[in-house]
Amino acid sequence: MKGADAPARGPKTVFTFNTAEDIQGFATGCDGDIGGLSTVALELDERPEVNEPIGKTATGVFRGEMRLSVKPGMETKIRGGYAGFRNKNRPAFLYGNLTEDASLFDYLALRVRLAGEPQTHSSYFVNIQTAGPVSTDLWQHRLYLRKHNTWEDVFVPFDNFVRTNAGEMSKKQITMYREKIKSIGISILGGNSGIEGKYELGIDSFRFVNEEDVVGTSLTTPLTPQLVFLVVLM
């Protein structure tokens with residue numbers, strides 16, 4: 001009779017950032033890889049003063065320096081001002097890559113800690129790539145963070161993500177194919193708002209949750225129509 005049971009809807013932890021092995025499962029990239037001047041790192045942060053408030057010995061930290069200018073000779077070839085990370089492809093046992101099924105969940109939940117220079121605080125986005133019909137689609141949503149140097153849980157409704165392709169918002173918006181999520185990541189897009197400076201974002205986990213699991217009011221604001229970067233991380 002187990003087949004008649006309702007599907008489990010409890011919170012599901014998808015990725016954690018608490019060990020060196022966790023961190024190695026992610027790829028980083030920035031405009032500095034192709035002629036820009038921004039830098040990026042995703043590292044293990046073992047500072048007790050950072051991790052003790054959430055009872056962890058280590059968490060991840062996404063940091064670097066955001067720069068809008070580029071190297072001489074690249075001015076007309078690239079646009080500076082982006083950095084990001086996402087999970088690497090995870091080979092399946094027999095073929096293809098592992099994916100995550102979020103079809104039974106309402107929100108992507110992120111436990112994060114905002115730091116870095118104040119001008120960079122409003123330039124973070126969360127990105128999802130799926131195994132949908134258009135492989136180059138990237139689903140984005142702005143991360144609106146309310147606290148500084150304090151851990152907070154942020155809940156992003158899956159229905160509010162915006163479809164982008166080739167660095168621009170797609171004219172045709174469709175429902176995200178949540179049954180097969182290939183990657184989840186975060187980017188900082190200083191080029192969108194003309195922002196430079198040192199950025200830092202602590203990360204503890206990515207989870208899938210439902211309405212009953214949402215606590216507090218840390219919901220994000222929608223992504224407004226604008227040019228966005230397609231951050232390609234190898």
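Heads up: the sequence shown begins at 1 in my numbering, then just goes up one per residue.
For every residue, glycine included, the Cβ atom is placed at its ideal position computed from N, Cα and C.
Discussion item. Please tell me whether G116 and Y199 are closer than 8 Å, where the distance is taken between their beta carbons.
Written reply: Taking the C-beta atoms as reference points, Y199 is found nearer than 8 Å to G116.
Original post:
Considering only residues of the same chain and omitting the five flanking positions on each side of E46, which have a CB-CB separation below 6 Å?
Top reply: The answer, listed in chain order, is A58.
For this session: Give a yes or no on contact between the stretch 163-177 and the stretch 105-114, applying the rule of three or more CB pairs nearer than 8 Å.
Result: Flag = no, the stretch 163-177 and the stretch 105-114 do not touch.
Q119, DSSP secondary structure in three states: Here Q119 sits in helix by DSSP.
- Message: Does the stretch 76-92 come into contact with the stretch 148-163, if we say contact requires no fewer than three beta-carbon pairs (one atom in each stretch) closer than 8 Å?
- Response: Fewer than three beta-carbon pairs drawn from the stretch 76-92 and the stretch 148-163 are found closer than 8 Å, and the two stretches are therefore not classed as touching.
How long is the line joining the alpha carbons of S193 and S123, rounded to whole angstroms? Spanning the two alpha carbons is a distance of roughly 7 Å.
Going by beta-carbon coordinates alone, are P11 and D213 separated by less than 8 Å?
Contact: yes.
| field | Classification of S135 by the beta-carbon crowding that lies within 10 angstroms, buried from 16 upward | value | Label assigned to S135: exposed.
**Message:** Can you tell me whether V174 is buried or exposed? The criterion is at least 16 other CB atoms within 10 Å of its CB, across all chains shown.
**Reply:** Here residue 174 is Ile; the residue named in the question, Val, does not match the sequence. Looking at its Cβ environment, which holds fewer than 16 other Cβ atoms inside 10 Å, I174 is exposed.
Pairwise C-alpha distance: L94 and S187
One C-alpha to the other measures close to 31 Å.
> Below 8 Å between beta carbons: does that hold for G245 and M66?
Replying inline: Beyond the ends of the chain as shown, which are 1 and 234, falls residue 245; an answer cannot be given.
Query raised in the report: Is the CB-CB distance between R207 and T150 below 8 Å?
Result: Contact flag unset, no.
- request: In angstroms with no decimal places, state the Cα-to-Cα distance between L138 and M169.
  value: Just so you know, the alpha carbons of L138 and M169 end up roughly 9 Å apart.
Review point. Nearest-angstrom Cα distance between V14 and F26?
Key: Their backbone Cα atoms lie some 13 Å apart in a straight line.
- prompt: CB-CB under 7 Å to K182, same chain, minus the five flanking residues each way: which ones, in chain order?
  reply: Short of 7 Å from the beta carbon of K182, and not among the five residues preceding or following it, lie these beta carbons of its own chain, in chain order: N97, T99, Q129, T130, A131.
Q. In angstroms, rounded to a whole number, what distance separates the CA positions of H141 and I184?
A. Approximately 12 Å between the Cα atoms of the pair.
Practice problem: Could you check the C-alpha separation between D33 and D22 for me, to the nearest Å? | Solution: Looking at the two C-alpha atoms, the distance is approximately 23 Å.
ask   = Do A64 and S103 have their C-beta atoms within less than 8 Å of each other?
value = According to the sequence shown, residue 64 is Gly rather than Ala. Against a cut-off of 8 Å, the Cβ pair of S103 and G64 comes out as no contact.
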